[in-house]
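Below: one structure, written as C-alpha cells.
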C-alpha cells in the first residue's frame, strides 16, 4: 500500500506572499510485517537508496537491510534483518545472538574484500556504559560488550599491540580516532572518585552516554528477524565523525566530506565470541562478554556506506548576508538553492534559520536591522 502526504508552506516576503512548491513524501509500506522480534514492526518505508547486505562465515544467512542510505540528514533510518539466530536471554536480556549497531567514518580499511568498511577506531561506540558504576546487566549486554576495552593482561590472547595499553589497569583500549585526526586513547578514568570534586569519569569529548547513537543490543526474534530504528547524525550533532561536512583534512589546508557508514556487528554464541578470554570456560554463564570492536569480533562486521545532504553552506559569512527564517519543512529546499544563489555574481549570500511560525511572523514585520526579509511559515500572514 502506498501512502502520500502533502504539506504546503508559504514564502512570505515584505511585500508579497509567494507559494512554495509543495513538499511531498511517499513510499511503499513494508510488505512483510513481523521483523520485530517482540511483535513490534519498526520498519520504515523503503526508498530508492534502500540497500541489503549479507553476512559472512557463521553469519552467512544473515541479511541486513537499511531503508535509506543516501541524501540523509539528522534522521531515523530503519535497519531490519532476516536469517538471524533468535536472541538468547541469560544472563540478562542479551546473553547472546543479538546485534550491535554504530555509525563510523573513513575510507575502506581493506580488511574485508567482499564488504568494504571503516576501521573500528573510527566508530562511535563504547559510551552506553560511560557512567560510574556501569549499567544494569539485566537490561544491557554484559561484560566488556559495551566497552572499547579489547584485551587485558589476564587474557590468554593478551596482545598490547592491538590497541593502547593502560598501564595502571592493564586494559588494552581501542582508541577513538576523530575525523579531525585527534585520537582519544582511553575512554574512562578508572581512578575517578565521584566523592572528590573535579575530574571526569568519561574522557572522550566527541560523544558520551547522552549524545551517542550506538545501539548496544538489538533483539532477533524467534523467526530470525529483527528491526531497529537508528538515528544517523551529521557533523553538527557528532563532530567526531563529521558526516555531511567538510571536516576530513586532505593536505594543503583543504578538507573533504568523509565517507560515512552504518556498521552492524552480529554477536553469536558465547563460546565463539569469548574465545581467547577467561570467559570462554563458562561461556553460557557469562554470555557474550567481549567488545564488538575487538579484532576477532570485528572480522564479522557488516558495513553499509551512507551519504548525507551537505551540511556546509556554500554561502560565505558576510555582513551583507540576507536572512531567511521559518519552518524546518523547507530546510532541504532552501539548502538546494544555495549553490545557485551563492555561486558568484552580484547576489548577496543568505543564511537560513529554523524558527517557529509566531516568531517568524514577528521578526518579518518588526523592521529591525538583521531581521529576515523572507520567512517560510505553515500559514500566510493575514492581509
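Numbering (my numbering), first residue to last: 120 to 502. Virtual Cβ for every residue (Gly too), placed ideally from N, Cα, C. For clarity, every value in this text was computed on a predicted model and none was experimentally measured.
Put simply, of 352, 184, 459, 228 the residue whose alpha carbon is nearest the alpha carbon of residue 203 is 184.
DSSP places residue 240 within a helical segment (H, G or I) once states are collapsed to three. The C-alpha of residue 389 lies about 5 Å from the C-alpha of residue 406. Counting along the chain, residue 348 sits inside the beta strand (DSSP E) bounded by residues 345-351.
Residue 485: member of the alpha helix (DSSP H) spanning 476-485, first to last residue. Boundaries of the beta strand (DSSP E) harbouring residue 170: 170-173, taken from the DSSP string. Counted as a single uninterrupted DSSP element, the stretch harbouring residue 201 is not any alpha helix (DSSP H) but the beta strand (DSSP E) occupying residues 194-201. Out of 441, 400, 478, the CA that lies nearest to the CA of residue 497 is found in 478.
Counting only runs of at least 3 residues, the stretch 200-233 fully encloses the following beta strand (DSSP E) elements, listed from N- to C-terminal order: 217-224. The way I'd put it, the stretch 210-217 doesn't touch the stretch 234-242; fewer than three beta-carbon pairs between them come closer than 8 Å. In summary, residue 292 is buried, with 16 or more beta-carbon neighbours lying within 10 Å of its beta-carbon over all protein chains present.
With respect to the 8 Å criterion, residue 382 and residue 422 are classified as neighbours on the basis of their beta carbons. Nearest C-alpha to residue 297 among 241, 335, 487: 241. In this structure, the alpha-carbon of residue 251 lies about 8 Å from that of residue 313.
Beta bridge pairing from DSSP links residue 367 with 375. Note that the C-beta distance between residue 254 and residue 248 is below 8 Å.
The Cβ atoms of residue 303 and residue 311 lie no closer than 8 Å to each other.
In this chain, residue 355 is not harboured by any alpha helix (DSSP H), its DSSP state being neither H nor E. A straight line joining the alpha-carbon of residue 338 with that of residue 178 spans about 15 Å. According to the DSSP assignment, residue 471 belongs to the beta strand (DSSP E) that extends over 469-473. Taking residue 287 as reference, the option from 301, 305, 280, 274 with the minimal CA-CA separation is 305. Judged by their CB atoms, residue 364 and residue 426 are not nearer to each other than the 8 Å cut-off. The residues 303, 305, 306, 307, 308, in chain order, have a CB closer than 7 Å to that of residue 322 in the same chain once the five nearest residues on each side in sequence are set aside.
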